[in-house]
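> This note's numbering puts the first residue of the sequence shown at 2, with every later residue one more than the last.
In this text, a Cβ means the ideal position worked out from N, Cα and C, and glycines have one as well.
Before anything else, here's the structure in question.
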Amino acid sequence: MRPDADNGAVLSLLAPADFDRDGDVDIVDVVAFHRCFEGPDRPPTASPCSGTDFDGDGDVDLVDFATLQACFREPDLSSAYV
Ligand SMILES: [Ca+2]
Ligand SMILES: [Ca+2]
């Protein structure tokens, strides 16, 4: 799904895992997440990592990955996170 005036509300719901803001959650977003993945109780050292700590506990671990995984779809398909 691509940004346009008709689907702007849907895109705002996809935003948490759509790191490249192209309207889907695909392998490109997984690669962006992976750069920040450090495991439990270890803050990300890569940059930029804003938005990868989905549960807000200061790390990027498997709990955060579970959220990403729930949103993952093929390229150009909207996320299940709606
Ligand atoms: Ca994306
Ligand atoms: Ca986290």
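From this set, 47, 68 and 48, which residue's C-alpha is nearest residue 57's C-alpha?
Of the listed residues, the one whose Cα sits closest to residue 57 is 68.
> Find the nearest neighbour of residue 66 within the set 24, 23 and 28, judged by alpha-carbon distance.
When each option's Cα is compared against that of residue 66, the closest is 28.
> From the DSSP output, in three-state form, read off residue 61 for me.
Three-state result, residue 61: strand.
> Identify every residue that forms a DSSP beta bridge with residue 40.
61.
> Roughly how many angstroms separate the alpha carbons of residue 76 and residue 24, rounded to a whole number?
In a straight line, the C-alpha of residue 76 is about 9 Å away from that of residue 24.
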